[in-house]
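Here the structure is laid out as structure tokens; the discussion comes afterwards.
There are 2 protein chains.
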Amino acid sequence: MATLPPKPAMKDRILETADRLFYLQGIRAIGVDTIAAEIGISKRTLYNHFPSKDALIAAYLERRFVPPRASDKPPAEQILATFDALERRFAAKDFRGCPFVNAVAELGPADPSVRRIAIAFKESRRLWFRDLLHQLGATDPEALATQLALLVDGSIAQDLVRNDPAMARAAKEAARVLLANAGVVLDENAAAIAKKPQRAAK
Amino acid sequence: MATLPPKPAMKDRILETADRLFYLQGIRAIGVDTIAAEIGISKRTLYNHFPSKDALIAAYLERRFVPPRASDKPPAEQILATFDALERRFAAKDFRGCPFVNAVAELGPADPSVRRIAIAFKESRRLWFRDLLHQLGATDPEALATQLALLVDGSIAQDLVRNDPAMARAAKEAARVLLANAGVVLDENAAAIAKKPQRAAK
DNA sequence: ATTTGGTTACACAGACCTGTGTAATTAGTC
DNA sequence: GACTAATTACACAGGTCTGTGTAACCAAAT
Chain A
1 MATLPPKPAM KDRILETADR LFYLQGIRAI GVDTIAAEIG ISKRTLYNHF
51 PSKDALIAAY LERRFVPPRA SDKPPAEQIL ATFDALERRF AAKDFRGCPF
101 VNAVAELGPA DPSVRRIAIA FKESRRLWFR DLLHQLGATD PEALATQLAL
151 LVDGSIAQDL VRNDPAMARA AKEAARVLLA NAGVVLDENA AAIAKKPQRA
201 AK
Chain B
203 MATLPPKPAM KDRILETADR LFYLQGIRAI GVDTIAAEIG ISKRTLYNHF
253 PSKDALIAAY LERRFVPPRA SDKPPAEQIL ATFDALERRF AAKDFRGCPF
303 VNAVAELGPA DPSVRRIAIA FKESRRLWFR DLLHQLGATD PEALATQLAL
353 LVDGSIAQDL VRNDPAMARA AKEAARVLLA NAGVVLDENA AAIAKKPQRA
403 AK
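Chains as they are written, first to last, in our numbering: chain A, 1 to 202; chain B, 203 to 404.
Spelled out as structure tokens, the structure:
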């Protein structure tokens, strides 16, 4: 009988598999045959869902574009937690750098659409930093947000070649210094302090 | 027979052309035919000088590996000048990111030799930073050198996607803050100050 | 003038790639 | 059962790629 929902998501399965293979092994290194074979479908089915490999690549990158979600945690914590999350991702076996940077590096300047979405992604993260810094009353949130973005991308690039999650911690330490220099109050117990609306210092 | 100048010109021409094409358009995007055609030689000649494309790729990366040269300028200036040089390179039309990071991103984890040389390059720069920081008496030169390397690679990655030389200036500003925080004296006239016979100067 | 070594033209093998055409097959729906 | 829509197997066109084999060619040194 209906062993499977008729249209659960063939398209999703294709995208999911393409994502994994593209990201881990490179876009140019993976052919559509490989993707179809990995799922166990025919190449024809894949082309029934995506008109071309380029369309699949575009969908892959768009799927990777998840804007940083808002949080109710203290802004300073959110910023620093970014680097903790990075460190966790670095430690994972399947981390292979920033998919957008990699795609630009691979596809080169020939593909402007790839560059467009990569720019959008980088900018969205920069703006996320900027707004948090603004909430914190940092001096020159615009410039500092850019600098934090540099640290994020720098640690990603370094980890890509070195496979060393400590790069995330180094970035975090640098971020701490930059934040302090911008007048942001940084305390190890910042979370606890923020939770208790007291003004008493420790 | 004593002198057999095997015309190094040809091999160099091949390498030079391969370098330009590989770097600007990507290693996978350029075939050996394209390289040979660009020089105006036959593909056979190319294969007479390099046994395989992989060998050519390896030679290309090794050629790109130029360790930072020593200088007699004040260490702090050398460090900051790194970012000025970056900004100049970003502004150039033919800048396309770090060739080592790009190669790792392109060739993926399949090629361990590419990763090896990329690691060596990154480490050589880090050590160059570290030694300068040591001369400057910075606190924890080891950690700070890593952080400066993050800024360098971060600005390169950001410029790769954004095409914005200002990323180098942002990195320089961040570097200034980190240096100051490590106790390094930073003055716009640092050069003049350092020139004055302070202590054991050459 | 003959040997020698690098080079050339060119064909070709063997892969792999994207993308299509087609007819048969399945499964869910009326 | 009949209709519909997705999927399948499979062949194939046309392209690109790496790498090799071969015979001719050219220049300079012997």
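A virtual CB, placed ideally from N, CA and C, is assigned to each residue, including glycine.
Cβ pair residue i, residue j closer than 7 angstroms
{"i": "alanine 59(A)", "j": "leucine 127(A)", "result": "no"}
{"i": "alanine 138(A)", "j": "valine 184(A)", "result": "yes"}
{"i": "phenylalanine 129(A)", "j": "alanine 118(A)", "result": "no"}
{"i": "isoleucine 57(A)", "j": "isoleucine 79(A)", "result": "no"}
{"i": "alanine 37(A)", "j": "alanine 307(B)", "result": "no"}
{"i": "alanine 144(A)", "j": "alanine 92(A)", "result": "It should be noted that the sequence gives leucine, not alanine, for residue 144(A). No, Cβ-Cβ distance for leucine 144(A) and alanine 92(A) is not below 7 angstroms."}
{"i": "proline 277(B)", "j": "leucine 334(B)", "result": "yes"}
{"i": "leucine 248(B)", "j": "valine 234(B)", "result": "yes"}
{"i": "alanine 359(B)", "j": "alanine 157(A)", "result": "yes"}
Chain-order list of residues whose beta-carbon lies under 7 angstroms from that of residue i (same chain, five-residue window excluded)
{"i": "isoleucine 30(A)", "result": "Leu21 and Phe22"}
{"i": "threonine 34(A)", "result": "Leu21"}
{"i": "serine 273(B)", "result": "Gln280"}
{"i": "lysine 213(B)", "result": "His251"}
{"i": "leucine 226(B)", "result": "Asp296 and Arg298"}
{"i": "threonine 348(B)", "result": "Arg328"}
{"i": "alanine 305(B)", "result": "Ile229, Leu263, Val316 and Ala320"}
{"i": "lysine 53(A)", "result": "Val32"}
Chain-order list of residues whose beta-carbon lies under 8 angstroms from that of residue i (same chain, five-residue window excluded)
{"i": "valine 284(A)", "result": "Residue 284(A) is absent from the model: chain A starts at 1 and stops at 202."}
{"i": "histidine 336(B)", "result": "Pro343"}
{"i": "aspartate 221(B)", "result": "Tyr262, Arg265 and Arg266"}
{"i": "lysine 245(B)", "result": "Val234, Asp235 and Ala238"}
{"i": "arginine 378(B)", "result": "Leu282 and Leu388"}
{"i": "aspartate 366(B)", "result": "Phe292 and Gln360"}
Min CB distance residue i to chain B below 7 angstroms
{"i": "valine 177(A)", "result": "yes"}
{"i": "alanine 118(A)", "result": "yes"}
{"i": "leucine 151(A)", "result": "yes"}
{"i": "glutamate 106(A)", "result": "yes"}
{"i": "alanine 138(A)", "result": "no"}
{"i": "alanine 168(A)", "result": "no"}
{"i": "arginine 126(A)", "result": "no"}
{"i": "asparagine 48(A)", "result": "no"}
{"i": "glycine 26(A)", "result": "yes"}
{"i": "glutamine 78(A)", "result": "no"}
{"i": "valine 185(A)", "result": "no"}
{"i": "alanine 171(A)", "result": "yes"}
{"i": "glycine 40(A)", "result": "no"}
{"i": "alanine 174(A)", "result": "yes"}
{"i": "proline 6(A)", "result": "Confidence in proline 6(A) is poor, its pLDDT being 38 and thus under 50, which makes the residue's placement too unreliable to answer from."}
{"i": "serine 155(A)", "result": "yes"}
Minimum Cβ-Cβ distance from residue i to chain A less than 7 angstroms
{"i": "aspartate 256(B)", "result": "no"}
{"i": "glutamate 289(B)", "result": "no"}
{"i": "alanine 403(B)", "result": "The predicted model places alanine 403(B) with a pLDDT of 38, which falls under 50 and marks its position as unreliable; any figure quoted below should be read in that light. Alanine 403(B) does not count as touching chain A."}
{"i": "alanine 293(B)", "result": "no"}
{"i": "arginine 332(B)", "result": "no"}
{"i": "threonine 146(B)", "result": "Residue coverage of chain B in this structure runs from 203 to 404, which leaves residue 146(B) outside it and unanswerable."}
{"i": "leucine 362(B)", "result": "yes"}
{"i": "lysine 324(B)", "result": "yes"}
{"i": "valine 303(B)", "result": "yes"}
{"i": "alanine 283(B)", "result": "no"}
{"i": "alanine 260(B)", "result": "no"}
Whole-number beta carbon distance between residue j and residue i, since they are thought to touch under 8 angstroms
{"i": "leucine 178(A)", "j": "alanine 382(B)", "result": "With a Cβ gap of about 11 angstroms, leucine 178(A) and alanine 382(B) do not count as contacting."}
{"i": "leucine 186(A)", "j": "valine 114(A)", "result": "With 8 angstroms as the limit, leucine 186(A) and valine 114(A) do not qualify as a contact, their Cβ atoms being about 37 angstroms apart."}
{"i": "lysine 122(A)", "j": "arginine 318(B)", "result": "With 8 angstroms as the limit, lysine 122(A) and arginine 318(B) do not qualify as a contact, their Cβ atoms being about 29 angstroms apart."}
{"i": "glycine 154(A)", "j": "glycine 356(B)", "result": "3 angstroms"}
Chain-order list of residues whose beta-carbon lies under 6 angstroms from that of residue i (same chain, five-residue window excluded)
{"i": "arginine 266(B)", "result": "Pro301"}
{"i": "leucine 160(A)", "result": "Gly97"}
{"i": "isoleucine 39(A)", "result": "Arg13 and Thr17"}
Residue i: CB within 6 angstroms of a non-hydrogen atom of the ligand MG
{"i": "methionine 10(A)", "result": "The model depicted lacks the ligand MG and carries no ligand whatsoever."}
Are the segment 368-383 of chain B and the segment 276-296 of chain B touching by the rule of at least three beta carbon pairs closer than 8 angstroms?
-> yes
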